[in-house]
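> First the structure, then my questions, so here it is.
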Amino acid sequence: MRIIDLAVKDLRQVVRDRKSALFLVAMPIVFMLFFSLIFGAQGAQRDPRLPVGFVNHDLASSVSTDLFSLLEGSDAIRPVVLDQKQAGKAGELVRDGKLAAALIVPDGFGQVALAARQPKLTLIVAADNPAGQTASNAVDAAVTRLLANVQIAQLSAEAFETSAQLASETERQAYLEQALTLSNAAWRNPPLSVTVEGAGATERDQPSWQNAYNQTSPGTIIQFTIYSLIMCAGVLVSERKSGAMQRLLTTPISRAQIIAGHTLGMLVVVLAQQAVLIAFSYFVLGIQYLRVPLAILLVAGAYALWVVSLGMLIGAVARSDDQVVMWSLIAMFVFSALGGAWFPLEFTGKAFAAIGHLTPSAWAMDGFQNIIMRGLGLSSVLLPVGILLAYAAAFFALAVWRFRFE
Amino acid sequence: MNTQRAIEVQDLHKDYGEIHAVQGISFDVCTGEIFSLLGPNGAGKTTTLAMLSCLLEPTKGDALVMGHSIRHEPMAVKAAIGVIPQEIALYADLSARENLSFWGKMYGLRGTALRERVDEVLGIIGLADRQKGPVAKFSGGMKRRLNIGIGLLHKPQILFMDEPTVGIDPQSRRNILDSVKELNRQGMTILYTTHYMEEAQELSDHIAIMDQGKVIAYGTHEELVKIVGELDRIDLMISGESERVLEQWRATAGVHQASAEDKKVTLLVDDSNLVLPRLFEAAVRSGVRITAVEIAEPNLEAVFLHLTGRALRD
Amino acid sequence: MKMLDIALKDLLRYLRTAFLVVMMFVVPLLMTGIFYFAFGGQGSSAGFNVPVTRVQIVNLDRPPAQSSRLAFGEMLIEFLQHEKLATLLQVTIAPDGASAREAVKNRSAEVAVIIPANFTSAALTPGEGATITIVQDPARTLGPGIVKGLISQFVDGLVGAKIAASVVMEQFGQRGIAVQADTLQNVAVQYAAWAVAQGQSRGEGKNPALELEAPPRKVEPASEKTVVAGLIMTGMMLFFVFYTGAGTAESIIQEDEEGTLARLFTTPTLHSVILGGKFIGVFITIIVQLIVLLIASALAFGIHWGELPAVVLLSIGLVVAAAGFGVFVMSFVKNMRQAGPVVGGVLTLSGMVGGLFTTGIQNLPAAYETIQLLTPHGWALRGWKLALAGGGVSDVLLPALVMLAMGAVYFAVGAFLFRKRFA
Chain W
1 MRIIDLAVKD LRQVVRDRKS ALFLVAMPIV FMLFFSLIFG AQGAQRDPRL
51 PVGFVNHDLA SSVSTDLFSL LEGSDAIRPV VLDQKQAGKA GELVRDGKLA
101 AALIVPDGFG QVALAARQPK LTLIVAADNP AGQTASNAVD AAVTRLLANV
151 QIAQLSAEAF ETSAQLASET ERQAYLEQAL TLSNAAWRNP PLSVTVEGAG
201 ATERDQPSWQ NAYNQTSPGT IIQFTIYSLI MCAGVLVSER KSGAMQRLLT
251 TPISRAQIIA GHTLGMLVVV LAQQAVLIAF SYFVLGIQYL RVPLAILLVA
301 GAYALWVVSL GMLIGAVARS DDQVVMWSLI AMFVFSALGG AWFPLEFTGK
351 AFAAIGHLTP SAWAMDGFQN IIMRGLGLSS VLLPVGILLA YAAAFFALAV
401 WRFRFE
Chain B
407 MNTQRAIEVQ DLHKDYGEIH AVQGISFDVC TGEIFSLLGP NGAGKTTTLA
457 MLSCLLEPTK GDALVMGHSI RHEPMAVKAA IGVIPQEIAL YADLSARENL
507 SFWGKMYGLR GTALRERVDE VLGIIGLADR QKGPVAKFSG GMKRRLNIGI
557 GLLHKPQILF MDEPTVGIDP QSRRNILDSV KELNRQGMTI LYTTHYMEEA
607 QELSDHIAIM DQGKVIAYGT HEELVKIVGE LDRIDLMISG ESERVLEQWR
657 ATAGVHQASA EDKKVTLLVD DSNLVLPRLF EAAVRSGVRI TAVEIAEPNL
707 EAVFLHLTGR ALRD
Chain A
721 MKMLDIALKD LLRYLRTAFL VVMMFVVPLL MTGIFYFAFG GQGSSAGFNV
771 PVTRVQIVNL DRPPAQSSRL AFGEMLIEFL QHEKLATLLQ VTIAPDGASA
821 REAVKNRSAE VAVIIPANFT SAALTPGEGA TITIVQDPAR TLGPGIVKGL
871 ISQFVDGLVG AKIAASVVME QFGQRGIAVQ ADTLQNVAVQ YAAWAVAQGQ
921 SRGEGKNPAL ELEAPPRKVE PASEKTVVAG LIMTGMMLFF VFYTGAGTAE
971 SIIQEDEEGT LARLFTTPTL HSVILGGKFI GVFITIIVQL IVLLIASALA
1021 FGIHWGELPA VVLLSIGLVV AAAGFGVFVM SFVKNMRQAG PVVGGVLTLS
1071 GMVGGLFTTG IQNLPAAYET IQLLTPHGWA LRGWKLALAG GGVSDVLLPA
1121 LVMLAMGAVY FAVGAFLFRK RFA
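Chains as they are written, first to last, in the numbering used here: chain W, 1 to 406; chain B, 407 to 720; chain A, 721 to 1143.
Right, dumping it as structure tokens:
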């Protein structure tokens, strides 16, 4: 009963401190809105593909026209024709981020290609950034397709010339260009294709696995739940500083009960915060959190318990409000980054990913994504939940052991 | 005593909208004397001190501090005074030495002169062996000593001390009072505010009693006590509720004033021999027990009671 | 002189406050360090440090009897199991489609590949089509992307050969020349050989027809991860420098509450000198922070911040902008209780609008890039990115001047409000 009384007291204080409450809930919503606006606007741009400059010095040839068409057909990039003046500054435009890359088609390119010699194109690109890499890969694919068509045209001409003569160079040229046209057309309906499905996408209640916010939504929830460490730890530090803690100890309540009471109060607040964020993600961003509500509840609850236990540990050892904020912020940054809340661990180096997967935050991400992206069921969250609870138990034990009451 | 005037306060007013915190006070402080402003909380003492320190601009009136007007020559005034605020105003994350050095610089001390004076003040306040550690780790008494030391750095001609003994233990208070007397003995003029009658009585050459923004009495201790005249002061300790008997005692013949603080009731009476039995009768009628009686000469407490009808600590 | 005394006293206090030291130096370097560690070695075409992708593959392909020696399904599997791909893929043969899908579902594989029954037949028979199905873990991008790329490359080789044959047939037919079967076969085989050679070159990172050229930089970065670190550190540095501007200006409010400001006002020191000293303290602290961060990040992460004159110019602009903004924001704060949420909230919002949290994201909407320039943060980011890319004084002059102007205006307003308050 005393535990509940203590928890209710904490809740009352939190509700009265409107500024903190605002922070706990308003900040993450603002963040999610902000990023959804950015990504949404990015997606809704007239053409969200990366711009790649196209400088064509080989205007007479149909080969360079074909190349331009192939670039236009790309999913990832869109060609932007550069005029004379811009062409001279193509490199600077790439350097300054105005273009992801610039492709220079030299004079005579088509002729060289069709003459079965080694044609060369120049691609100005910063290979060290993601946009550059994407542009480079997309241009490579288009150029490879172009060369394939050129190869087909040459093979056809060579085959023809074993059976009959092509009267003149002009006729040969015409033959090659016809072959190019036929080849281009045939690629538009290839006989063999590759299709990609998300596992779980064939389930009756489909998770929308290609929702762009499937990473940022749980990531934001993970990060901002850790932010509530400041409040969790702060409750203990203020109680100690004001002398109320010592006064509590003169009443018939044990130390363990004190910690349990604070834990309960803070858990309610953290769960409420998560509920708001999950609701926002579900209704506004369309993330499928309610596919398996019990699973989400378990993951959110176990994660909240771990965060509160860490808050108790920080509160146990911190001597001032400043120290609380400092340790809480460091924990937020480290656990968010290592847990894959900011960027998928898949994209990081092996060592980083290995360390990251040890963290509770990574397990919580896993738990959420199993439901919202992978279309899995309740059983898929049991392991993450178990690990989170184990971490929580360990941190609580540490907190009780290290607790300073004055 | 020197009759030259260190401070001349001329009809000083301070209003905050409709609130008249200080209402036309005037008094003089002679050079080399200890002058106390005595009064309850809210009397206007701190506001008066703030005006004389050039922290607040008076609404009306002026004062001369060592001949300099607080309105027109604030820098000269500040150079002449040392201020010891009621609340501890120190940089807790700096050491005692660093605090003193910094504040010394603010008073215009530099180089060797600053260094030597800091050493001297550390000796005066007894913190020479704790000069390097952060002030945050000092006890309350040590912080108070440092608080005082800062006010002494530039050897001011006048020291303003705003209720320096509030909320401290008896031994520290004793030390502060002794320090005040020693500083005065060395020639410093001290303007001291307090609501403790005993302090004003012990320290002061002259006392101004303030209440509700006005100076209601001014003079030496003897002169002030004479206001009460031939009246006797009776202090009674009672058990039971004082309200039950206070009205009856006020109505008793020979009683001029009566005021209660907790279980202690102070009365000003014509003749204690005649009035005392009547007080006992009234107590019996009210069902209140008198547990101790003290008959004494009137003191400043009695003066305040006589002038305002309230106890100094009401 | 007294102004400097006050400023240096403040600097000493700030450097003794663990919280401020952590926020000024430790956190920005820690955050960048995390990113540097996370992405170390990423991005170079020579080697992608990607975890091995587990692939379950089901070969349902039944080659037609007459061309049983051409089993493209098996060839695809051999291709994926090639030793050169061993560091990228771990390929297991699954008995059927259902178990392969299940393996991805229960996360014992990242990708399942299902080769349809008519795969070889469709490759050889005109008018027939087939589709390879890739089932992936939805939470993965890189691994499935690599598998798709490899399979597409293989499939394109077959498609190209088929198209080559069909083009030959079409062109011969139009000219009234009969096509021999072995002509078609030769064309297909020659095409396939060409496709294999192309594939090998591309697998080594070189398209023979494409010459890559880096954009003209005045300074070449030490490595790809230095570039990543540079961008991240820029965002962190700018955010925490602006934070310091507000955090140090907060000391005016703090001193007011602690009583030391009133005490300062009782000394023979002009109010303007006292406030001036506090403001100078803000400037000096930011300068110290900036110098430490620039040097530490250059040493730790190999970041080359740019040409020295450009860096100095930008530093001056940044110091004025951050100090001015901090003084401005704090001039509206009444007490320390308000200060925390105000500092945290305003700085986070302005950092967000200014683009400090999206430094690593390319191709942002043009409207957003314009909005960033409403804040001094946005101009700071623009200038520092130019310097990182090797820009000179003429390149960074505009951002630096705008920062100076904005900072000066903010400072003037903030200082005016403080003076009014403590007149």
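Beta carbons: idealized from backbone N, C-alpha and C, even for Gly.
1) What's the gap between the Cα of residue 87 of chain W and the Cα of residue 124 of chain W?
2) With 7 Å as the limit, tell me which residues of the region 470-481 of chain B have their beta carbon closer than that to any beta carbon of chain A; keep them in chain order.
3) Along chain W, in chain order, which residues have C-beta atoms closer than 7 Å to that of residue 911 of chain A?
4) When you compare the CB of residue 736 of chain A with every CB in chain B, is at least one pair closer than 7 Å?
5) Does any residue of chain B have a CB that is nearer than 7 Å to the CB of residue 979 of chain A?
6) The alpha helix (DSSP H) spanning residue 828 of chain A covers which residue range?
7) Express the C-alpha separation of residue 437 of chain B and residue 578 of chain B in angstroms, rounding to a whole number.
8) Using 10 angstroms around the beta-carbon of residue 79 of chain W, count the other beta-carbons present and answer buried if the total reaches 16, otherwise exposed.
9) Quick check: is the beta carbon of residue 763 of chain A nearer than 7 Å to any beta carbon in chain W?
10) Report all residues from its chain with a CB closer than 6 Å to the CB of residue 977 of chain A; omit the five preceding and five following residues, and keep chain order.
11) Exposed or buried, which one is residue 590 of chain B when buried takes at least 16 other CB atoms within 10 Å?
12) At least one CB of chain B closer than 7 Å to the CB of residue 730 of chain A: is that the case?
13) Taking all protein chains shown into account, decide if residue 781 of chain A is buried (16 or more other Cβ within 10 angstroms of its Cβ) or exposed.
14) If you reduce the DSSP assignment to three classes, tell me which class residue 193 of chain W lands in.
15) Check residue 165 of chain W in the structure and name its three-state DSSP category.
16) With DSSP as the reference, label residue 436 of chain B as helix, strand or coil.
17) Judging by CA-CA distance, which residue of W:260, W:393, W:184 is the nearest neighbour of residue 70 of chain W?
18) Taking just the CA atoms, how far does residue 329 of chain W sit from residue 241 of chain W?
19) Scan the region 416-466 of chain B and note each continuous beta strand (DSSP E) run of 3 residues or more that stays entirely inside, going in chain order.
20) In whole angstroms, give me the CA-to-CA distance for residue 568 of chain B and residue 491 of chain B.
21) For residue 984 of chain A, I'd like the list of residues in its chain whose CB is within less than 6 Å of its CB, leaving aside the five on either flank, ordered along the chain.
22) Mind pulling the chain A residues with CB within less than 9 Å of residue 710 of chain B?
23) Residue 434 of chain B to residue 415 of chain B, Cα distance in whole Å?
24) Kindly list, in the order they appear in chain W, the residues whose Cβ is closer than 9 Å to that of residue 849 of chain A.
25) If you reduce the DSSP assignment to three classes, tell me which class residue 200 of chain W lands in.
26) Under 9 Å Cβ-Cβ, which residues of chain A neighbour residue 118 of chain W?
27) Under the three-state reduction of DSSP, which class applies to residue 320 of chain W: helix, strand or coil?
28) Identify the contact partners of residue 493 of chain B in chain A, using a Cβ-Cβ distance below 8 Å as the criterion.
29) Sort W:92, W:237, W:222 by Cα distance to residue 935 of chain A and report the nearest one.
30) Thinking residue 385 of chain W and residue 356 of chain W are a contact (beta carbons under 8 Å), I'd like their distance in whole angstroms, please.
31) Going by other Cβ atoms of all chains shown within 10 Å of its Cβ, with 16 needed for buried, is residue 690 of chain B buried or exposed?
32) Mind listing, in chain order, the continuous beta strand (DSSP E) runs of no fewer than 3 residues lying wholly within the region 769-823 of chain A?
33) Around the C-beta of residue 655 of chain B, are 16 or more other C-beta atoms found within 10 angstroms, so that it is buried, or is it exposed?
34) Under 8 Å by Cβ, that's how I've got residue 1078 of chain A and residue 193 of chain W pegged, so tell me the actual separation to the nearest angstrom.
35) Taking Cβ-Cβ distances below 7 Å as the criterion, which residues of the region 633-665 of chain B are in contact with chain A?
36) In the region 374-388 of chain W, which residues sit with their C-beta less than 9 Å from some C-beta in chain A, listed in chain order?
Taking the coordinates as given:
1) Taking the first residue of the first sequence as 1, we reach residue 87 of chain W at position 87. Taking the first residue of the first sequence as 1, we reach residue 124 of chain W at position 124. About 12 Å.
2) Residues of the region 470-481 of chain B with a C-beta less than 7 Å from any C-beta of chain A: 481, listed in chain order.
3) Position 191 of the third sequence, counted from the start, is the residue given in the question as residue 911 of chain A. Within 7 Å Cβ-Cβ: 151, 152, 155.
4) Locating residue 736 of chain A in the third sequence gives position 16, counting from the first residue. Yes - at least one Cβ of chain B is within 7 Å of the one on residue 736 of chain A.
5) The residue you call residue 979 of chain A lines up with position 259 of the third sequence. Yes, residue 979 of chain A counts as interfacial toward chain B.
6) Taking the first residue of the third sequence as 1, we reach residue 828 of chain A at position 108. From DSSP, residue 828 of chain A is part of no alpha helix (DSSP H); its letter is neither H nor E.
7) Residue mapping note: residue 578 of chain B aligns to position 172 of the second sequence, counting from 1. Residue mapping note: residue 437 of chain B aligns to position 31 of the second sequence, counting from 1. Approximately 27 Å, taken between the alpha carbons.
8) The count along the first sequence starts at 1 and reaches residue 79 of chain W at position 79. Buried, by the Cβ-count rule.
9) Position 43 of the third sequence, counted from the first residue, corresponds to residue 763 of chain A. Residue placement at residue 763 of chain A is poorly supported in this model, since its pLDDT is 45, which falls under 50; the coordinates are not used for a value here.
10) Locating residue 977 of chain A in the third sequence gives position 257, where the first residue counts as 1. Cβ neighbours of residue 977 of chain A beyond the five flanking positions: 1056.
11) Locating residue 590 of chain B in the second sequence gives position 184, where the first residue counts as 1. Buried is the call here.
12) Position 10 of the third sequence holds residue 730 of chain A. Judged by the 7 Å Cβ criterion, residue 730 of chain A is not in contact with chain B.
13) Numbered from 1 along the third sequence, position 61 holds the residue referred to as residue 781 of chain A. Counting every other CB atom within 10 Å of its CB across the protein chains shown gives residue 781 of chain A a total of 16 or more, marking it as buried.
14) Taking the first sequence and counting its residues from 1, one reaches residue 193 of chain W at position 193. Strand, per DSSP.
15) Here residue 165 of chain W corresponds to residue number 165 of the first sequence, with the count starting at 1. Three-state DSSP puts residue 165 of chain W in coil, outside helix and strand.
16) Along the second sequence, one-based indexing puts residue 436 of chain B at 30. Of the three classes helix, strand and coil, the one that applies to residue 436 of chain B here is strand, per DSSP.
17) Working through the first sequence from its first residue, we reach residue 70 of chain W at position 70. Comparing Cα positions, the closest option is W:184.
18) Taking the first residue of the first sequence as 1, we reach residue 241 of chain W at position 241. Taking the first residue of the first sequence as 1, we reach residue 329 of chain W at position 329. CA-CA distance, residue 241 of chain W to residue 329 of chain W, rounds to 21 Å.
19) 425-436, 440-444
20) If you number the second sequence from 1, residue 568 of chain B lands on position 162. If you number the second sequence from 1, residue 491 of chain B lands on position 85. For residue 568 of chain B and residue 491 of chain B, the distance between alpha carbons rounds to 5 Å.
21) Walking along the third sequence from the start, residue 984 of chain A turns up at place 264. Answer for residue 984 of chain A: 994, listed in chain order.
22) Locating residue 710 of chain B in the second sequence gives position 304, counting from the first residue. Near residue 710 of chain B there are no residues of chain A at all, since even the closest Cβ is about 29 Å away, more than 9 Å.
23) Walking along the second sequence from the start, residue 434 of chain B turns up at place 28. Walking along the second sequence from the start, residue 415 of chain B turns up at place 9. If you take the alpha carbons of residue 434 of chain B and residue 415 of chain B, they lie about 6 Å apart.
24) The sequence position of residue 849 of chain A within the third sequence is 129, counting from 1. Result: 189, 190, 191, 192, 193.
25) For the purposes of this step, residue 200 of chain W is taken as residue 200 along the first sequence, with counting starting at 1. DSSP places residue 200 of chain W in coil when its eight states are reduced to three.
26) By one-based count along the first sequence, residue 118 of chain W stands at place 118. Chain A residues near residue 118 of chain W: 928, 929.
27) Position 320 of the first sequence, counted from the first residue, corresponds to residue 320 of chain W. If DSSP states are grouped into helix, strand and coil, residue 320 of chain W belongs with coil.
28) Along the second sequence, read from residue 1 onward, the residue named residue 493 of chain B stands at position 87. Neighbours of residue 493 of chain B on chain A, chain order: 979.
29) Taking the third sequence and counting its residues from 1, the one referred to as residue 935 of chain A is at position 215. Minimum Cα distance to residue 935 of chain A is reached at W:92.
30) Locating residue 385 of chain W in the first sequence gives position 385, where the first residue counts as 1. Locating residue 356 of chain W in the first sequence gives position 356, where the first residue counts as 1. That belief does not hold up - the Cβ atoms of residue 385 of chain W and residue 356 of chain W are roughly 19 Å apart, past 8 Å.
31) Taking the second sequence and counting its residues from 1, one reaches residue 690 of chain B at position 284. Counting other Cβ atoms within 10 Å of its Cβ, residue 690 of chain B stays below 16 and is therefore classed as exposed.
32) 773-779, 809-813
33) Position 249 of the second sequence, counted from the first residue, corresponds to residue 655 of chain B. Buried: at least 16 other Cβ atoms inside 10 Å.
34) For this step, residue 1078 of chain A is matched to residue 358 along the third sequence. For this step, residue 193 of chain W is matched to residue 193 along the first sequence. Rounded to the nearest angstrom, the Cβ distance from residue 1078 of chain A to residue 193 of chain W is 36 Å, too far for a contact under 8 Å.
35) none
36) The region 374-388 of chain W vs chain A, Cβ under 9 Å: 374, 375, 376, 380.
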